[in-house]
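Remarks on the structure that follows.
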Amino acid sequence: MKRIISILIENKPGALARVVGLFHQRGYNIETLNVGPVFDGSFSRMTVTTRGSENDVEQITKQINKIIDVIKVSDLTEGDHHEYEFIMIKFKHSEKIQKILKSLNGKIHEKNNDAMVMSAWGSSSDIEEAIKSMGKVNLLEVARSGSIGLHEGEKVLKI
Amino acid sequence: MKLSGGDLLMRALKDEGVKFIFGYPGGAALHIYDSIFKQKAFEHILVRHEQGATHAADGYSRATGKPGVALVTSGPGATNAITGLATAFMDSIPLVVISGQVQSHLIGTDSFQETDMIGISRPIVKHSFIVQNTQDIPRIVQEAFHIATTGRPGPVVIDIPKDKTDPSQLFEYKRAKEISLRSYQPRVFPHPGQIKKASKKILSAERPVIYAGGGVILGNAHKELIALNKLLKAPVTNTLMGLGAYPAKDKYFMGMLGMHGTYQANMAMHNADVIIAIGARFDDRITNTPSMFAPNAKIVHIDVDPASISKIINADIPIVGQVKESLIALIKEIKRSKIKIDSEALDQWNMQISQWREKHGLDHDLYLSKIKSSMIAPQVVVQELYHATQGNAFVTSDVGQHQMFVAQYYHFNKPRRWINSGGLGTMGFGLPAAMGVKLAFPKQEVVCVTGEGSIQMCIQELSTCLQYNLPIKIININNEALGMVRQWQDMNYGGRHSASTYSDSLPDFVKLAQSYGHVGMKVTKQSQLKKTLEKAFAMKDRLVFIDVYVDPNEHVYPMLVAPNGSMQDMWIKKNTKA
Ligand SMILES: Cc1ncc(C[n+]2csc(CCOP(=O)(O)OP(=O)(O)O)c2C)c(N)n1
Ligand SMILES: [Mg+2]
Chain A
1 MKRIISILIE
11 NKPGALARVV
21 GLFHQRGYNI
31 ETLNVGPVFD
41 GSFSRMTVTT
51 RGSENDVEQI
61 TKQINKIIDV
71 IKVSDLTEGD
81 HHEYEFIMIK
91 FKHSEKIQKI
101 LKSLNGKIHE
111 KNNDAMVMSA
121 WGSSSDIEEA
131 IKSMGKVNLL
141 EVARSGSIGL
151 HEGEKVLKI
Chain B
160 MKLSGGDLLM
170 RALKDEGVKF
180 IFGYPGGAAL
190 HIYDSIFKQK
200 AFEHILVRHE
210 QGATHAADGY
220 SRATGKPGVA
230 LVTSGPGATN
240 AITGLATAFM
250 DSIPLVVISG
260 QVQSHLIGTD
270 SFQETDMIGI
280 SRPIVKHSFI
290 VQNTQDIPRI
300 VQEAFHIATT
310 GRPGPVVIDI
320 PKDKTDPSQL
330 FEYKRAKEIS
340 LRSYQPRVFP
350 HPGQIKKASK
360 KILSAERPVI
370 YAGGGVILGN
380 AHKELIALNK
390 LLKAPVTNTL
400 MGLGAYPAKD
410 KYFMGMLGMH
420 GTYQANMAMH
430 NADVIIAIGA
440 RFDDRITNTP
450 SMFAPNAKIV
460 HIDVDPASIS
470 KIINADIPIV
480 GQVKESLIAL
490 IKEIKRSKIK
500 IDSEALDQWN
510 MQISQWREKH
520 GLDHDLYLSK
530 IKSSMIAPQV
540 VVQELYHATQ
550 GNAFVTSDVG
560 QHQMFVAQYY
570 HFNKPRRWIN
580 SGGLGTMGFG
590 LPAAMGVKLA
600 FPKQEVVCVT
610 GEGSIQMCIQ
620 ELSTCLQYNL
630 PIKIININNE
640 ALGMVRQWQD
650 MNYGGRHSAS
660 TYSDSLPDFV
670 KLAQSYGHVG
680 MKVTKQSQLK
690 KTLEKAFAMK
700 DRLVFIDVYV
710 DPNEHVYPML
720 VAPNGSMQDM
730 WIKKNTKA
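Residue numbers (our numbering), protein chains in the order written: chain A, 1 to 159; chain B, 160 to 737.
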């Protein structure tokens with residue numbers, strides 16, 4: 001089962017590598033990874049998606065928690081949550097692709113004779129679906145942000 | 160007064176109460192070495208290989224409970240320290256390893272003796288620091304010791320680029336009164352609700368077993384463990400790392416459990432209705448096949464590390480907290496409880512265990528047998544050693560059959576006396592570890608029980624022992640082979656001894672010891688054994704290397720049957736299952 005793990009971590013050199021390394025070390029895969037500074041910039045928030053059983057995820061979160069720089073860890077998939085992913089796509093003119101992206105909050109950033117650059121965002125499963133249905137013919141380049149998400153309701157990840 | 164980075168480091172180490180640093184110099188560490196030359200707070204011990212430095216610091220820590228400190232240079236110095244870091248990491252030993260690094264502006268340029276120490280050591284340290292500003296050195300040292308010694312202990316690396324110890328750059332020394340890290344708050348006290356539940360479960364047990372590991376020793380909770388069992392009267396077993404946590408002479412002690420554990424300990428685990436796991440982590444060398452583990456047992460698991468709980472075996476009642484605090488709370492709760500232990504059931508259970516012991520228990524009187532013509536049994540060497548030292552020695556060991564024989568036949572009544580690499584199983588650990596112990600306890604008997612394979616992995620430290628006058632006694636259980644490897648080849652590979660023997664090319668250990676300035680003795684007959692040991696131990700101020708030739712065909716038993724076996728499936732002698 002797909003899991004979205006949110007991590008609040010010290011924004012220090014090497015901190016990210018400790019988390020990424022741990023997944024490999026303990027035999028788990030990272031499907032997507034997103035990271036950026038938050039609050040006063042001394043923290044980073046990471047979002048990692050992975051696949052595993054309930055037990056697997058319990059082990060991963062416990063092991064991540066042991067990393068000294070990690071402040072909090074939470075499995076968003078455990079409860080109700082919001083989750084989105086952002087993509088940017090460069091493609092040869094194609095009505096079909098334009099239409100697909102429009103349906104996902106699409107926005108045009110560049111348009112020239114040969115190609116277009118558009119962005120879009122939506123739930124990862126919608127994004128996944130969209131990329132599949134675009135076909136390969138006109139697609140030139142895809143960049144994905146990886147999932148980011150928050151708990152629904154009052155639950156927050158902060159110190 | 161303002162200090163250079165090197166002097167800040169000295170001052171910080173002094174303020175941590177450091178007495179010994181084990182190290183080896185090199186370019187990137189030379190400013191630091193100059194600071195060492197000028198200080199008097201601690202002694203620097205020059206080893207002969209950086210692996211020796213980390214193991215010596217490790218042995219010092221295991222014996223004293225204080226953190227061990229090692230210092231190495233960049234590049235090859237740092238990589239040589241890796242095995243020692245991994246050894247300490249697997250056994251949760253608090254170390255602070257300081258590595259020199261190339262100058263900051265050279266980092267990332269493949270400069271001379273540059274190695275990404277932080278990167279290489281990442282999976283085998285509890286934490287690591289790279290010094291970016293010289294004035295941070297005191298804080299980093301303080302945090303490193305704090306992290307290494309609290310929660311579940313472990314090794315911490317401090318990587319210091321050479322320019323950060325530049326003698327011409329001076330800074331103020333500041334030491335914080337208290338360390339508090341917002342991202343690191345290890346749990347000390349257990350949850351009271353869990354303690355209540357555990358107490359209920361334990362008191363209503365009919366076939367309880369206390370399974371205590373290295374965490375009891377690391378957490379200095381052996382007294383509490385004894386106090387707990389004064390109330391429970393349950394059979395107790397210790398892991399390889401836990402030997403000494405519960406006195407071996409106590410009538411409730413069943414010996415070690417697991418791969419080469421005693422018959423009664425393994426049978427008790429398999430047939431228990433409640434297992435009280437304390438500071439132990441259900442290692443695969445304990446559980447055998449996890450799905451077949453203790454089928455009728457409810458598990459109470461006390462550990463400071465939540466990630467150890469329900470990792471391999473699901474815990475019915477998890478208790479996260481320091482072992483000492485958790486046991487104190489549990490004892491209090493048990494005393495307060497209205498439920499009383501079921502004495503009748505316990506008597507029956509303890510009787511059952513005695514019967515198992517009678518049936519297939521270890522023979523601790525082998526040394527009394529008078530067969531003097533045949534080869535020496537390695538077990539007898541350990542039994543004679545036990546009697547020669549009255550069971551009071553600090554015993555370090557290496558890895559292999561000899562290690563298991565010590566674990567089985569030397570009865571440890573006190574914690575921190577048995578010093579071995581359990582988790583990583585590092586050959587080469589024994590001698591340098593013994594140096595660390597001897598420096599900490601110069602008046603006590605320190606013995607390294609090793610094999611002719613293992614001792615050659617850090618033999619160079621004999622030179623260190625001469626320089627610092629460390630009169631360790633080395634017992635080389637010489638079976639002219641990588642005995643443990645050969646045992647597996649005998650049992651699982653049709654006796655094909657692939658790359659496990661070398662009897663034609665062994666050194667003359669007596670001469671070798673002598674050439675290092677020590678005393679060498681050789682024993683080939685059982686009739687010489689006792690006398691030779693007495694003679695060696697009488698030489699209080701000399702390192703004596705005793706090379707004991709033993710029966711090369713001996714195997715270690717019991718041995719769990721694997722794969723697809725449970726803890727009740729054991730080989731109890733050659734070709735015989737229990
Ligand atoms: C550094 C290292 N390399 C390899 C091994 C695998 N190993 C485990 S026991 C053993 C044999 C050890 O031989 P010896 O020290 O003579 O002890 P014996 O088993 O003969 O008592 C080996 C090679 C190890 N544990 N450590
Ligand atoms: Mg051997």
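All C-beta atoms in this analysis are idealised placements derived from N, C-alpha and C, irrespective of residue type, glycine included. Model, not experiment: these values are computed from the prediction.
- [ ] Please find out if some non-hydrogen atom of ligand 1 comes closer than 7 Å to the beta-carbon of B:V644.
- [x] yes
- [ ] Helix, strand or coil for B:N723, going by three-state DSSP, please let me know.
- [x] coil
Task: Range covered by the alpha helix (DSSP H) that runs through B:Y192 - done: L189 to K197
TODO: Buried or exposed for B:I498, please, with buried defined as at least 16 other CB atoms from any protein chain shown within 10 angstroms of its CB.
DONE: exposed
Open item on the list: Just to confirm the assignment: which complete beta strand (DSSP E) runs, minimum length 3, are found wholly within the stretch 434-476 of chain B?
Closed with: 457-462
Task: CB contact below 8 Å: A:I159 versus chain B - done: yes
Open item on the list: So with CB distances below 9 Å, who are the chain B contacts of A:R45?
Closed with: What A:R45 touches in chain B: nothing, since even the nearest Cβ is about 13 Å away.
Open item on the list: Could you check if B:M249 belongs to the surroundings of ligand 1, using beta carbon to heavy atom distance under 7 Å?
Closed with: no
Open item on the list: I'd like to know if the stretch 317-329 of chain B and the stretch 295-302 of chain B are in contact, where contact means that at least 3 CB-CB pairs between them fall below 8 Å.
Closed with: yes
TODO: Keeping to the same chain, check which residues put their C-beta closer than 8 Å to that of B:V606; ignore five residues upstream and five downstream.
DONE: L544, T548, A552, F553, V554, T555, A593, I631, K632, I633 and I634
Open item on the list: Is B:I279 close to chain A? Criterion is C-beta to C-beta, closer than 8 Å.
Closed with: no
- [ ] Could you tell me if B:R221 is buried or exposed, where buried requires 16 or more neighbouring beta carbons within 10 angstroms of its beta carbon?
- [x] buried
TODO: Check whether the stretch 297-313 of chain B touches the stretch 238-252 of chain B, taking contact to mean three or more Cβ pairs, one atom from each stretch, closer than 8 Å.
DONE: yes
Task: the stretch 400-418 of chain B: positions lying closer than 7 Å to chain A by Cβ - done: none
Task: Proximity winner among B:G654, B:A466 and B:T683, relative to A:I67 (alpha-carbon distances) - done: B:A466
- [ ] Measure the CB-CB distance between B:V558 and B:T585 and report whether it falls below 8 Å.
- [x] yes
Task: Interface partners of B:S613 on chain A, CB under 9 Å - done: Residues of chain A passing the Cβ test: none, with the nearest at roughly 27 Å.
Open item on the list: So B:P745 contacts chain A; which residues on that side make the cut at Cβ distance below 9 Å?
Closed with: Past the edges of chain B, shown from 160 to 737, lies residue 745 of chain B, and the structure says nothing about it.
Open item on the list: According to DSSP, simplified to helix, strand and coil, what is B:G550?
Closed with: coil
Task: Residue range of the unbroken alpha helix (DSSP H) whose run includes B:P591 - done: G589 to A599
TODO: Anything in the stretch 64-98 of chain A with a Cβ closer than 7 Å to a Cβ of chain B? List those residues in chain order, please.
DONE: K66, I68, D69, V70 and I71
Open item on the list: Taking 7 Å as the cut-off, is the beta-carbon of B:D557 closer than that to any non-hydrogen atom of ligand 1?
Closed with: yes
Open item on the list: Less than 8 Å between the C-beta atoms of B:D475 and B:V459, yes or no?
Closed with: yes
Open item on the list: To be precise: take each residue of the stretch 300-321 of chain B, compare its Cβ to all Cβ atoms of chain D, and keep it if any distance is under 7 Å. Which residues remain?
Closed with: Note that chain D does not occur in the displayed structure, where the protein chains are A and B.
Open item on the list: Quick check on the burial criterion: 16 or more other C-beta atoms within 10 angstroms. Buried or exposed for B:P226?
Closed with: buried
Task: Candidates B:G234, B:P537 and B:K199: closest to B:E209 by CA position - done: B:G234
Open item on the list: To the nearest angstrom, how far is the alpha carbon of A:F23 from that of A:N29?
Closed with: 6 Å
Open item on the list: Does the CB of A:G21 have a neighbour CB from chain B at under 8 Å?
Closed with: yes
Task: Buried versus exposed call for B:G352 [16 or more other C-beta atoms within 10 Å across all chains shown] - done: exposed
Open item on the list: For A:K72 and A:L157, which I take to be in contact (beta-carbon distance under 8 Å), what is that distance rounded to the nearest angstrom?
Closed with: 5 Å
Task: Interface positions of the stretch 333-353 of chain B facing chain A (Cβ-Cβ less than 8 Å), listed along the chain - done: L340, R341, S342 and Y343
Task: Under 8 Å between C-beta atoms of B:V261 and B:T623 - done: no
- [ ] Indicate whether at least one CB of chain A lies closer than 8 Å to the CB of B:H286.
- [x] yes
Task: Residues, ordered as in the chain, of the stretch 469-492 of chain B that lie near chain A by beta-carbon distance below 8 Å - done: S469 and K470
Task: Of the residues B:Q648, B:Q619, B:F441 and B:I493, the one placed nearest B:S469, counting alpha carbons only - done: B:F441
Open item on the list: For a contact defined as C-beta to C-beta under 9 Å, what are the partners of B:P282 on chain A?
Closed with: G21, L22, H24 and Q25
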